[in-house]
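A.B. asks:
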Amino acid sequence: MNDIKFTHDIMQEHEVERYFKIWRESVIRSRLTITVVFLKTANSTQLNENVKDQVTSFLQSKIRKTDLLFQLSDGDHWGIFFLQSSDLEARAFLKRIFAILKAERKFQQIALKASITEIRSNNVIFEELINKNKQMLSGDEQLTWSIAEVKDYCEQPTELVKVSIIEQNAIFRQVLESTLNQINIPYFSLDVKVYEDGYSFLQSDDYKSGHMHLILMNDILPLKNGLEILHILRHMPNEKKFIIYMMSERNSEGAALNAYEGGVDEYIVKPFNLRLLEAKIKRTFTRFWL
Amino acid sequence: MIVLSIFSLFIIILLLFVVLFIFLMYLLVQRQRESYFEKVRDRYLQNYSQLWYDYLFNNALFSIVLVPRGRAQVEAIERIFSSYLKNIRNEQVELKIKQFSNQYLKAFYEKDLSSRRWSIRMNALYRIADLQIDQLLTKCQEFEKNNITDEEHFQLLKIYSLFQPDLFMEKIKNSNVNYAESEYRRLFVLLDDNVFIQFFHDFNSLPANMQFAVIDTAAVKRKMEYLEELKKLLDHDTTEINIRALKGFYEIGIIDEMDPFIPFVTSEMWEARLMVAKIFRHVPLTYTYSYLEQLLQDENWWVRSQAAKTIVEDRQGIAKLQQFIESSNDQYAIEMAQEIAARKEGK
């Protein structure tokens, strides 16, 4: 079933470090969750080179094209970088390969243990990462086929999100402001500002900063209407940072279609439920991280 | 020539000055009152908007300070409520507004209904409907007995449709006023489905404007239960009703059987042929192609154009049009097919 090809085409620890430094910066910039898995044979002292090659080839055959297998300089550990993957996917991968290794006779000499580190912060040094995992796997207390976890890097930093409410009706504007100030989204803090018309929003220059920016605006506004603002924002070079929710009294498919084609992320027909708006906003932010 | 003594002239000038002075004083007092009214209203809005928000949305306890004292505060509350009702949907909030209005605003609007000024009476009728003050229903029925305008009558019908649908049905069927289609649509769209469907039961006894509004409202409501009723109207003697029913089917977008629509392919009215070409967008091309091919060769440009558009919407549409172009002898139809196919490919 698993015909293993013996190969030594595997990256080494010092080669991977350079890539890691780039990925580490992408963790925050692109919200790219990385999970690293380290594996060690439970009985490494008795293993010969052939068995190590067999493990290498087996792992190579099981990883995806987006994953990177490498060997640590001591020759006893293997590491796998799972890009854009959370610890859940890495754990599922380990369970799958452990089950194959335990079931097939040709792998009966192999017994592994593993550690998982999920990285959601750029405050991590490669050497420190290696040492922490090695330490985790070095003790005898960790059982064969078990999976340990290093949790030092799994907390992502809180990101500031600018929020602009553009609504003409002062009472409703205040309601929206109170509602958005009360929303609690893990790892995101909202800086809410309100505008009564499109012109004052554009004059504020607040939208020119590099922060992620949630815009909640009416389609019809004095001075500069919502569709004009939408057009301006979606033609900016960094338009992807804007999450645009458009509110409208027009409950027609044509109006919604027009707004979505213009680039809104959500089209909300008035009157709407505030709890539903909250849920939509929370869901939007949850999608940014795995 | 009129001769006036200096004294009489002086008296006239003096009188004019007095009148002018009285008028000026009147304006100043009115302005003062208005300004005071605005000040009280704005102060209420400033001081209590947050309290209202907390009471309505955050389940904070109701504070007696929210109860209005005077017209200015009532207007401030109207502004708060209308902002909420227009923008936010929340049953709890709507219920609280209804309870508050029935308890504390009822007296103000009851008095307004007796006003001599039409605008004040109309405003009261609007507020009764918007704020759901059902305790004024009896008062509204009494008000109807007065000599009221058509606009007031229309607003009363709206109130009945909200608070007592049976009464609404009775009143609208026996009404002497013939409203425009758009006005009937505004009334019907508010009705619950089980009330609205009753219009189909006595359809033939309704005036034409109301019949058209019933069909159009059914199309806007997009409910499956109206399909059977619309199907019955396809056999109606009036062509306008047939066409509107076809339009309703197109808007609802659900075609469960083709047979009722086939006769319209050869209808004498081009509008009916156009609508049937539109309706066939909601049916797979395999079943409709032979009819659409016929409509593509129609004498009317709109029908030909719509038939080509409907064909091209299908995945196999362009291939079908190409096949038609190669095999047909009808130059007008070929040109239409070529134009629509080219437009689609250009996308």
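Chains A and B supply the protein sequences, listed in that same order.
Reading the first sequence from the start, the letters are residues 781 to 1070 in my numbering.
Reading the second sequence from the start, the letters are residues 25 to 371 in my numbering.
By construction, the Cβ of each residue, glycine as well, lies at the ideal position given by its N, Cα and C atoms.
So, for residue 822/A: in the same chain, excluding its five sequence neighbours on each side, which residues have a beta-carbon less than 6 Å away from its beta-carbon?
C.D. replies: The residue labelled residue 822/A in the question sits at position 42 within the first sequence. Answer for residue 822/A: 891, 893 and 924, listed in chain order.
A.B. asks: Return the residue from the list 351/B, 318/B and 177/B that minimises the CA-CA distance to residue 145/B.
C.D. replies: Mapped onto the second sequence, residue 145/B falls at position 121. Checking every option, the nearest Cα to that of residue 145/B belongs to 177/B.
A.B. asks: Check the Cβ of residue 83/B against every Cβ in chain A and list those closer than 8 Å, keeping chain order.
C.D. replies: Here residue 83/B is taken as the residue at index 59 of the second sequence, counted from 1. By Cβ distance, chain A contributes nothing, its closest Cβ being about 13 Å from residue 83/B, past 8 Å.
A.B. asks: Under 7 Å Cβ-Cβ, which residues of chain B neighbour residue 958/A?
C.D. replies: Taking the first sequence and counting its residues from 1, the one referred to as residue 958/A is at position 178. Those within 7 Å of residue 958/A in chain B are 77.
A.B. asks: Using beta carbons (cut-off 8 Å, strictly below), is residue 101/B in contact with chain A?
C.D. replies: Mapped onto the second sequence, residue 101/B falls at position 77. No, its Cβ sits nowhere closer than 8 Å to a Cβ of chain A.
A.B. asks: On the criterion of 16 or more Cβ atoms from any shown chain inside 10 Å, does residue 913/A qualify as buried, or is it exposed?
C.D. replies: Indexing the first sequence from 1 puts residue 913/A at position 133. So residue 913/A counts as buried.
A.B. asks: Could you give the uninterrupted runs of the alpha helix (DSSP H) lying entirely in the segment 76-102 of chain B, keeping only those of 4 residues or more?
C.D. replies: The qualifying runs do not exist here; there are none.
A.B. asks: Report back the beta-carbon spacing between residue 877/A and residue 842/A to the nearest angstrom; my notes put them in contact at under 8 Å.
C.D. replies: Taking the first residue of the first sequence as position 1, residue 877/A is located at position 97. Taking the first residue of the first sequence as position 1, residue 842/A is located at position 62. Contact holds; Cβ gap of about 5 Å.
A.B. asks: Just the Cα atoms here: how many angstroms apart are residue 331/B and residue 277/B?
C.D. replies: Along the second sequence, one-based indexing puts residue 331/B at 307. Along the second sequence, one-based indexing puts residue 277/B at 253. Near 17 Å, if we compare the C-alpha coordinates of residue 277/B and residue 331/B.
A.B. asks: What does the Cβ neighbour count give for residue 947/A, buried or exposed, with the cut at 16 atoms within 10 Å?
C.D. replies: Working through the first sequence from its first residue, we reach residue 947/A at position 167. Buried.
A.B. asks: Of all the CB atoms in chain B, is at least one closer than 8 Å to the CB of residue 1054/A?
C.D. replies: Within the first sequence, the letter at position 274 stands for residue 1054/A. Yes, because at least one Cβ of chain B sits closer than 8 Å to the Cβ of residue 1054/A.
A.B. asks: For a test of the three-state rule: what should DSSP assign to residue 782/A, helix, strand or coil?
C.D. replies: Taking the first sequence and counting its residues from 1, one reaches residue 782/A at position 2. Annotation note: pLDDT 43 at residue 782/A (below 50); position unreliable, no value reported.
A.B. asks: Return no unless some Cβ of chain B is closer than 8 Å to the Cβ of residue 952/A.
C.D. replies: By one-based count along the first sequence, residue 952/A stands at place 172. Chain B contact via Cβ: present.
A.B. asks: For residue 928/A, name the three-state secondary structure that DSSP assigns.
C.D. replies: Here residue 928/A is taken as the residue at index 148 of the first sequence, counted from 1. Strand.
A.B. asks: Measure the alpha-carbon distance for residue 205/B versus residue 271/B and round it to whole angstroms.
C.D. replies: Here residue 205/B refers to the residue found at position 181 when the second sequence is read from its first residue. Here residue 271/B refers to the residue found at position 247 when the second sequence is read from its first residue. Those two C-alpha atoms are separated by around 16 Å.
A.B. asks: Residues of chain A with CB under 9 Å from residue 211/B, in chain order?
C.D. replies: For this step, residue 211/B is matched to residue 187 along the second sequence. Residues of chain A passing the Cβ test: none, with the nearest at roughly 18 Å.
A.B. asks: Return the CA-CA distance between residue 351/B and residue 344/B, expressed in angstroms with no decimal places.
C.D. replies: Along the second sequence, one-based indexing puts residue 351/B at 327. Along the second sequence, one-based indexing puts residue 344/B at 320. Computed Cα separation, rounded: 11 Å.
A.B. asks: Just the Cα atoms here: how many angstroms apart are residue 299/B and residue 806/A?
C.D. replies: For the purposes of this step, residue 299/B is taken as the residue at position 275 of the second sequence. For the purposes of this step, residue 806/A is taken as the residue at position 26 of the first sequence. Each residue's alpha carbon lies about 55 Å from the other.
A.B. asks: Could you check how far apart the C-beta atoms of residue 928/A and residue 901/A are, in whole angstroms? I think they sit under 8 Å.
C.D. replies: Stepping through the first sequence from its first residue, residue 928/A is reached at position 148. Stepping through the first sequence from its first residue, residue 901/A is reached at position 121. That belief does not hold up - the Cβ atoms of residue 928/A and residue 901/A are roughly 19 Å apart, past 8 Å.
A.B. asks: Please tell me whether residue 1038/A has its Cβ less than 8 Å away from any Cβ of chain B.
C.D. replies: On the first sequence, position 258 is the one that residue 1038/A refers to. No, residue 1038/A does not count as interfacial toward chain B.
A.B. asks: Chain A partners of residue 107/B, CB-CB under 7 Å?
C.D. replies: The residue labelled residue 107/B in the question sits at position 83 within the second sequence. Per Cβ cutoff of 7 Å: 949, 951 and 952.
A.B. asks: Need the endpoints of the alpha helix (DSSP H) that residue 266/B sits in, please.
C.D. replies: What you label residue 266/B is simply residue 242 of the second sequence in a count that begins at 1. Looking at the DSSP string, the run of the alpha helix (DSSP H) that includes residue 266/B is 263-276.
A.B. asks: Among 944/A, 957/A, 954/A and 856/A, which one has its Cα closest to the Cα of residue 915/A?
C.D. replies: Translated into the one-based positions of the first sequence, residue 915/A becomes position 135. Residue 856/A is the option with its Cα nearest to residue 915/A.
A.B. asks: Report yes if the CB atom of residue 394/B is closer than 8 Å to the CB atom of residue 133/B, and no otherwise.
C.D. replies: There is no way to answer for residue 394/B, as the model of chain B reaches only from 25 to 371.
A.B. asks: Just checking: is the beta-carbon of residue 1062/A within a distance shorter than 8 Å of some beta-carbon in chain B?
C.D. replies: One-based indexing of the first sequence puts residue 1062/A at position 282. Residue 1062/A does not count as touching chain B.
A.B. asks: Any beta carbon of chain B sitting closer than 8 Å to that of residue 882/A?
C.D. replies: Here residue 882/A is taken as the residue at index 102 of the first sequence, counted from 1. Taking Cβ atoms only, chain B never reaches closer than 8 Å to residue 882/A, which makes this a no.
A.B. asks: Can you give the beta carbon distance from residue 1069/A to residue 897/A, rounded, assuming they're within the 8 Å contact cut?
C.D. replies: As a first step, residue 1069/A is located in the first sequence; it is residue number 289 there, counting from the start. As a first step, residue 897/A is located in the first sequence; it is residue number 117 there, counting from the start. Incorrect: roughly 16 Å between the Cβ atoms, too far for contact.
A.B. asks: Only counting the same chain, and skipping five residues up and downstream in sequence, which positions put a Cβ closer than 8 Å to that of residue 328/B?
C.D. replies: One-based indexing of the second sequence puts residue 328/B at position 304. Cβ within range, chain order: 319, 320, 321, 322, 356, 357 and 360.
A.B. asks: On the DSSP letters alone, give me the boundaries of the alpha helix (DSSP H) that residue 349/B sits inside.
C.D. replies: Sequence index remark: in the second sequence, residue 349/B carries index 325 (1-based). Counting along the chain, the alpha helix (DSSP H) containing residue 349/B begins and ends at 341-351.
A.B. asks: Judging by CA-CA distance, which residue of 974/A, 987/A and 959/A is the nearest neighbour of residue 1059/A?
C.D. replies: Taking the first residue of the first sequence as 1, we reach residue 1059/A at position 279. Looking at the Cα atoms, 959/A is the closest of the given residues.
A.B. asks: Using a Cβ-Cβ cutoff of less than 7 Å, which residues in the same chain neighbour residue 88/B once the five nearest sequence positions on both sides are dropped?
C.D. replies: Numbered from its first residue, the second sequence carries residue 88/B at position 64. Closer than 7 Å at the Cβ level, and outside the excluded window around residue 88/B, lies no residue.
A.B. asks: Looking at chain A, is there any beta carbon in it that lies within less than 8 Å of the beta carbon of residue 170/B?
C.D. replies: In the second sequence, counting from the first residue as 1, residue 170/B sits at position 146. No, its Cβ sits nowhere closer than 8 Å to a Cβ of chain A.
A.B. asks: Assuming contact is defined by CB atoms lying nearer than 8 Å, are residue 862/A and residue 796/A in contact in what I supplied?
C.D. replies: Here residue 862/A refers to the residue found at position 82 of the first sequence. Here residue 796/A refers to the residue found at position 16 of the first sequence. Not in contact: residue 862/A and residue 796/A (Cβ atoms no closer than 8 Å).
A.B. asks: Only counting the same chain, and skipping five residues up and downstream in sequence, which positions put a Cβ closer than 7 Å to that of residue 200/B?
C.D. replies: Locating residue 200/B in the second sequence gives position 176, where the first residue counts as 1. No residues qualify anywhere along the chain.
A.B. asks: Relative to the alpha-carbon of residue 1035/A, which residue among 1049/A, 1024/A and 1023/A has its alpha-carbon at the smallest distance?
C.D. replies: On the first sequence, position 255 is the one that residue 1035/A refers to. With distances taken between Cα atoms, residue 1035/A lies closest to 1049/A.
A.B. asks: Buried or exposed for residue 997/A, going by 16 or more other Cβ atoms inside 10 Å?
C.D. replies: The sequence position of residue 997/A within the first sequence is 217, counting from 1. Classification for residue 997/A: buried.
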